[in-house]
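Undergrad: Chains as they are written, first to last, in our numbering: chain A, 4 to 323; chain B, 4 to 323.
Note that the Cβ used here is the ideal one computed from N, Cα and C, for glycine as well.
All values derive from a computational prediction rather than experimental measurement.
I'd like to ask you about the structure that follows.
Number of protein chains: 2
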Amino acid sequence: MKALIIKQLNSLLEFSEAADPTAGKNEAIVSLRAAALNHRDLFITQGLYAGIKTPCALGSDGAGEWRGNRVLLYPALEWGNNPNFQGKNFRVLGMPENGCFAEQICIPRKNIFPVPDHLDWEQAAALPLAGLTAWRTLFSRCKLKKGEKVLITGIGGGVALTALQFAVATGADVFVSSGDAGKIERATVMGAKGGANYREEGWEKRLKQETGGFDVIIDSAGGDGFALFPALCNPGARVGFYGGSLGKVNGLSLQPLFWKQISLHGSTMGSPREFRAMLAFVQKHEIVPVVDSVFPLSEGAKAFKKMEQGKQFGKIVLSM
Amino acid sequence: MKALIIKQLNSLLEFSEAADPTAGKNEAIVSLRAAALNHRDLFITQGLYAGIKTPCALGSDGAGEWRGNRVLLYPALEWGNNPNFQGKNFRVLGMPENGCFAEQICIPRKNIFPVPDHLDWEQAAALPLAGLTAWRTLFSRCKLKKGEKVLITGIGGGVALTALQFAVATGADVFVSSGDAGKIERATVMGAKGGANYREEGWEKRLKQETGGFDVIIDSAGGDGFALFPALCNPGARVGFYGGSLGKVNGLSLQPLFWKQISLHGSTMGSPREFRAMLAFVQKHEIVPVVDSVFPLSEGAKAFKKMEQGKQFGKIVLSM
Numbered sequence: 004m005k006a007l008i009i010k011q012l013n014s015l016l017e018f019s020e021a022a023d024p025t026a027g028k029n030e031a032i033v034s035l036r037a038a039a040l041n042h043r044d045l046f047i048t049q050g051l052y053a054g055i056k057t058p059c060a061l062g063s064d065g066a067g068e069w070r071g072n073r074v075l076l077y078p079a080l081e082w083g084n085n086p087n088f089q090g091k092n093f094r095v096l097g098m099p100e101n102g103c104f105a106e107q108i109c110i111p112r113k114n115i116f117p118v119p120d121h122l123d124w125e126q127a128a129a130l131p132l133a134g135l136t137a138w139r140t141l142f143s144r145c146k147l148k149k150g151e152k153v154l155i156t157g158i159g160g161g162v163a164l165t166a167l168q169f170a171v172a173t174g175a176d177v178f179v180s181s182g183d184a185g186k187i188e189r190a191t192v193m194g195a196k197g198g199a200n201y202r203e204e205g206w207e208k209r210l211k212q213e214t215g216g217f218d219v220i221i222d223s224a225g226g227d228g229f230a231l232f233p234a235l236c237n238p239g240a241r242v243g244f245y246g247g248s249l250g251k252v253n254g255l256s257l258q259p260l261f262w263k264q265i266s267l268h269g270s271t272m273g274s275p276r277e278f279r280a281m282l283a284f285v286q287k288h289e290i291v292p293v294v295d296s297v298f299p300l301s302e303g304a305k306a307f308k309k310m311e312q313g314k315q316f317g318k319i320v321l322s323m
Numbered sequence: 004m005k006a007l008i009i010k011q012l013n014s015l016l017e018f019s020e021a022a023d024p025t026a027g028k029n030e031a032i033v034s035l036r037a038a039a040l041n042h043r044d045l046f047i048t049q050g051l052y053a054g055i056k057t058p059c060a061l062g063s064d065g066a067g068e069w070r071g072n073r074v075l076l077y078p079a080l081e082w083g084n085n086p087n088f089q090g091k092n093f094r095v096l097g098m099p100e101n102g103c104f105a106e107q108i109c110i111p112r113k114n115i116f117p118v119p120d121h122l123d124w125e126q127a128a129a130l131p132l133a134g135l136t137a138w139r140t141l142f143s144r145c146k147l148k149k150g151e152k153v154l155i156t157g158i159g160g161g162v163a164l165t166a167l168q169f170a171v172a173t174g175a176d177v178f179v180s181s182g183d184a185g186k187i188e189r190a191t192v193m194g195a196k197g198g199a200n201y202r203e204e205g206w207e208k209r210l211k212q213e214t215g216g217f218d219v220i221i222d223s224a225g226g227d228g229f230a231l232f233p234a235l236c237n238p239g240a241r242v243g244f245y246g247g248s249l250g251k252v253n254g255l256s257l258q259p260l261f262w263k264q265i266s267l268h269g270s271t272m273g274s275p276r277e278f279r280a281m282l283a284f285v286q287k288h289e290i291v292p293v294v295d296s297v298f299p300l301s302e303g304a305k306a307f308k309k310m311e312q313g314k315q316f317g318k319i320v321l322s323m
């Protein structure tokens, strides 16, 4: 089969021939039809990830055919027994095991779930990791409820957009932030009630004034901007975060956090049980993940270049 | 009656004559037998509190007699309807309303609770605010369970010591930190399994090695030391904090927080329902709050001087 392979640390992926996988007990060979990129894949090609093993086909998100069924894949292995956190043997799909940037994948059968009927291959591949991360952060961790006010920062990434869709479908009032006015505009079309450009001085004060404050904030940037959140929070608010791309948080004041009974919840991935609940929600509300662009698997290098530029709105997908 | 009164902003308390209170509808006049100091009282005398109103008798913690019954006081007014956070009209007892540093107090009847049988007046007065804060932080917010490992930082303060007692009674394995080896020693006598002196370089690494990590951390210091907690946390850990006396948090890394599914919970005070549950727990486990020292009400200034020095182990109590 053909696959996008990382051959050595810190190198680009190569589209090349790889051995066809063979299934062991309780495993399946899925013929992949589409896969989606995640920042994790980019970080691995940049050598910014612990324990990189080569050669390996990357890719955590995939959808394809198995025994005539349209299936997508729970994007991790061995969550473990505790619903609150992943166990010691937990791995994200795609490194160290071969992942979804390939024509075929060998995967435990329990990782296989039916594709919601309303999704095509590219949309299906765009869903698993982003949808699972958004689901756990919003619902399992931050207990978002109908009628609450939500701020989703850095709108445009896959998780942030899926969180926007989930929160809107829940009946929350959703606001977004971005450094790109066009992305805020597009989020508004998707149901956001408003937004703020964080490149403008005093954005957080205006947003507080406009909205009255937030019950839930979803963030993946961290950095010094994180210290603005306590003032933006309503009493009893929850801040969920699944990334920290802007680095460590400085200047975080605890007084508003304890006086307003605020919780900060770190969150990553999710359990198979959460994945199943997320898929049911997507099916029920006919949510369609946002696909930014589709590249053939053979042009994976171009897809990575696009992700590196950071201008995408939604998921970058590979098609087999 | 006699009372300890703050007469103007930023001034010491004066032991002086004040008008006897009179009860309105649904109110009671409690003859106070003992009251306890809290840092809040000290901050007010130092002018470090918003909206100081004078003249006023301070004091959030009190125990006394009402209609022949031994009673202690829920230390706040108007928590509000939401169990998750206090409402807009919430006030801590003792400023703006007259508090417990007086021979009598006028208080809503619903603030009155029976003193657990095993406590004397001074022990009873030492319980309310510290016990309520420890209760909410440990159980309502951090969901401490039997068998979990707990770190309580800055042992010696009233809340920290009560949290130690509650956690030990729950069957948790409790460790403490302090800058004073003598306080760690005393905490060990009270049931702590060990401790670390945070003035010693590398204390957190040794403590991690010794304990394997913590499921719950209780802190009221904040500051840069707070950034050490993510590394000390086990997967699924909860950090509860009810103060931030060392100032803003810098250098907080989000990666271990989200990867290990850690939650940081701000917490303050608690609802009347939590107060009732806390009293039942104290009664059941015959927990005796630690009283550092007792001063007559007339020598309140000495009691404040002692608190300012910060060498106490347990509550500083005034006796009427």
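Can you have a look at T1(B) and say buried or exposed, based on whether 16 or more other CB atoms are within 10 angstroms of its CB?
TA: No information on residue 1(B) is available, as it lies outside the stretch 4 to 323 that chain B covers here.
Undergrad: Rounded to the nearest angstrom, what separates E188(B) and A195(B) at their Cα positions?
TA: Position 185 of the second sequence, counting from 1, holds the residue named residue 188(B). Position 192 of the second sequence, counting from 1, holds the residue named residue 195(B). In a straight line, the C-alpha of E188(B) is about 9 Å away from that of A195(B).
Undergrad: Assign E311(B) to buried or exposed, taking buried as 16 or more other Cβ atoms, counted over all protein chains shown, within 10 Å of its Cβ.
TA: Within the second sequence, numbered from 1, the residue matching residue 311(B) stands at position 308. Burial call: exposed.
Undergrad: Consult DSSP for L12(B) and reduce its assignment to one of helix, strand or coil.
TA: Working through the second sequence from its first residue, we reach residue 12(B) at position 9. Correct three-state label for L12(B): coil.
Undergrad: Any C-beta of chain B sitting closer than 9 Å to the C-beta of G225(A)?
TA: On the first sequence, position 222 is the one that residue 225(A) refers to. Closer than 9 Å: yes.
Undergrad: Shortest alpha-carbon distance to G250(B) belongs to which of V242(A), L260(A), R241(A), L249(A)?
TA: As a first step, residue 250(B) must be located in the second sequence, where it is residue number 247. Selected option, being the one with the closest Cα: L260(A).
Undergrad: Does DSSP put G185(A) in a helix, a strand or coil?
TA: Against the first sequence, residue 185(A) aligns to sequence position 182. Reduced to three states, the DSSP call for G185(A) is helix.
Undergrad: Please go through the stretch 142-169 of chain A and give each complete beta strand (DSSP E) segment of 3 or more residues, from N-terminal end onward.
TA: 152-155
Undergrad: Based on Cα-Cα distance, which residue from R276(B), I290(B), L35(B) lies nearest to H121(B)?
TA: Reading the second sequence from its first residue, position 118 is the one you call residue 121(B). Distances from the CA of H121(B) to each of R276(B), I290(B), L35(B) were compared; the closest alpha carbon is that of I290(B).
Undergrad: Quick check on DSSP: helix, strand or coil for G174(B)?
TA: Counting from 1 along the second sequence, the entry for residue 174(B) is found at position 171. Correct three-state label for G174(B): coil.
Undergrad: Would you call the CB atoms of A137(B) and A37(B) closer than 9 Å?
TA: Here the question's residue 137(B) lines up with position 134 in the second sequence. Here the question's residue 37(B) lines up with position 34 in the second sequence. For A137(B) and A37(B), no; Cβs fall outside 9 Å.
Undergrad: Can you tell me where the alpha helix (DSSP H) with R279(B) in it begins and where it stops?
TA: By one-based count along the second sequence, residue 279(B) stands at place 276. Run containing R279(B): 275-288, per the alpha helix (DSSP H) assignment.
Undergrad: Shorter than 9 Å from the beta carbon of W82(B) to some beta carbon of chain A?
TA: By one-based count along the second sequence, residue 82(B) stands at place 79. Answer no: the Cβ-Cβ gap between W82(B) and chain A never drops below 9 Å.
Undergrad: Give the residues of chain B in contact with F217(A), contact being defined as C-beta atoms less than 7 Å apart.
TA: In the first sequence, residue 217(A) corresponds to position 214, counting from 1. Under a criterion of Cβ atoms nearer than 7 Å, no residue of chain B is adjacent to F217(A); the nearest Cβ is some 14 Å distant.
Undergrad: Note down the Cα distance separating F46(A) from I115(B), rounded to an integer number of angstroms.
TA: The count along the first sequence starts at 1 and reaches residue 46(A) at position 43. The count along the second sequence starts at 1 and reaches residue 115(B) at position 112. Each residue's alpha carbon lies about 59 Å from the other.
Undergrad: Name the residue from C103(B), G50(B), T48(B) whose alpha carbon lies nearest to the alpha carbon of E68(B).
TA: The residue labelled residue 68(B) in the question sits at position 65 within the second sequence. Nearest option by C-alpha distance: C103(B).
Undergrad: Just list the residues that DSSP pairs W69(A) with in beta bridges.
TA: Reading the first sequence from its first residue, position 66 is the one you call residue 69(A). In the DSSP output, where bridge partners are listed per residue, W69(A) has N72(A).
Undergrad: What are the start and end residues of the alpha helix (DSSP H) that includes I312(B)?
TA: The residue you call residue 312(B) lines up with position 309 of the second sequence. As written in the sequence, residue 312(B) is Gln, which differs from the Ile given in the question. From DSSP, the alpha helix (DSSP H) with Q312(B) extends over 303-312.
Undergrad: For Q212(B), count neighbouring Cβ atoms within 10 angstroms of its own Cβ and tell me buried if that reaches 16, exposed if not.
TA: Residue mapping note: residue 212(B) aligns to position 209 of the second sequence, counting from 1. Q212(B) comes out exposed.
Undergrad: Looking only at its chain, what residues have a beta carbon closer than 6 Å to the beta carbon of S274(B), apart from the 5 residues adjacent to it on each side?
TA: Position 271 of the second sequence, counted from the start, is the residue given in the question as residue 274(B). Cβ neighbours of S274(B) beyond the five flanking positions: W82, P86.
Undergrad: Checking the sheet assignment: what are the DSSP bridge partners for I265(A)?
TA: Residue mapping note: residue 265(A) aligns to position 262 of the first sequence, counting from 1. I265(A) pairs with nothing; no bridge assigned.
Undergrad: Cβ closer than 8 Å: which chain A residues qualify as neighbours of T271(B)?
TA: Here the question's residue 271(B) lines up with position 268 in the second sequence. Under the 8 Å cutoff, chain A gives F261, W262, Q264.
Undergrad: Measuring straight from C-alpha to C-alpha, what distance separates G216(A) and T156(A)?
TA: Working through the first sequence from its first residue, we reach residue 216(A) at position 213. Working through the first sequence from its first residue, we reach residue 156(A) at position 153. Distance between the alpha carbons of G216(A) and T156(A) is about 14 Å.
Undergrad: Express the C-alpha separation of P111(A) and T25(A) in angstroms, rounding to a whole number.
TA: Taking the first residue of the first sequence as position 1, residue 25(A) is located at position 22. Taking the first residue of the first sequence as position 1, residue 111(A) is located at position 108. Looking at the two C-alpha atoms, the distance is approximately 12 Å.
Undergrad: Three or more C-beta pairs under 8 Å: does that hold for the stretch 312-319 of chain A against the stretch 27-34 of chain B?
TA: no
Undergrad: Which partner residues does L255(B) have in the DSSP bridge list?
TA: Here residue 255(B) refers to the residue found at position 252 of the second sequence. DSSP output for L255(B) lists V252(A) as bridge partner(s).
Undergrad: In whole angstroms, what is the alpha-carbon distance linking K56(A) and L40(A)?
TA: Mapped onto the first sequence, residue 56(A) falls at position 53. Mapped onto the first sequence, residue 40(A) falls at position 37. C-alpha separation (whole angstroms): 18 Å.
Undergrad: Between the stretch 243-255 of chain A and chain B, which residues of the former have a C-beta closer than 8 Å to a C-beta of the latter?
TA: The residues in question are F244, Y245, G246, G247, K251, V252, N253, G254, L255.
Undergrad: Hey, would you say I8(B) sits closer than 9 Å to A21(B), going by beta carbons?
TA: Within the second sequence, numbered from 1, the residue matching residue 8(B) stands at position 5. Within the second sequence, numbered from 1, the residue matching residue 21(B) stands at position 18. Contact: yes.
Undergrad: Output, in sequence order along the chain, the residues in the stretch 43-66 of chain B whose CB is closer than 7 Å to any CB in chain A.
TA: none
Undergrad: According to the Cβ coordinates, are D222(A) and G185(A) closer than 9 Å?
TA: Here residue 222(A) refers to the residue found at position 219 when the first sequence is read from its first residue. Here residue 185(A) refers to the residue found at position 182 when the first sequence is read from its first residue. No. Outside cutoff.
Undergrad: Quick one: give me the first and last residue of the beta strand (DSSP E) that E30(A) is part of.
TA: Your numbering for residue 30(A) matches position 27 in the first sequence. It spans 30-39 - the beta strand (DSSP E) in which E30(A) sits, taken as one unbroken run.
Undergrad: Taking just the CA atoms, how far does P58(A) sit from S19(A)?
TA: If you number the first sequence from 1, residue 19(A) lands on position 16. If you number the first sequence from 1, residue 58(A) lands on position 55. Rounded to the nearest angstrom, the two C-alpha atoms are 11 Å apart.
Undergrad: How many angstroms separate the CA atom of E277(B) from the CA atom of T140(B)?
TA: For the purposes of this step, residue 277(B) is taken as the residue at position 274 of the second sequence. For the purposes of this step, residue 140(B) is taken as the residue at position 137 of the second sequence. C-alpha separation (whole angstroms): 11 Å.
Undergrad: Would R202(A) be called buried (16 or more neighbouring beta carbons within 10 Å of its own) or exposed?
TA: The residue given as residue 202(A) occupies position 199 in the first sequence. With fewer than 16 other Cβ atoms within 10 Å, it is exposed.
Undergrad: Between K28(A), L16(A), P119(A), which has its C-alpha nearest Q286(A)'s C-alpha?
TA: As a position in the first sequence, residue 286(A) is number 283, starting the count at 1. Out of K28(A), L16(A), P119(A), P119(A) has the C-alpha closest to the C-alpha of Q286(A).
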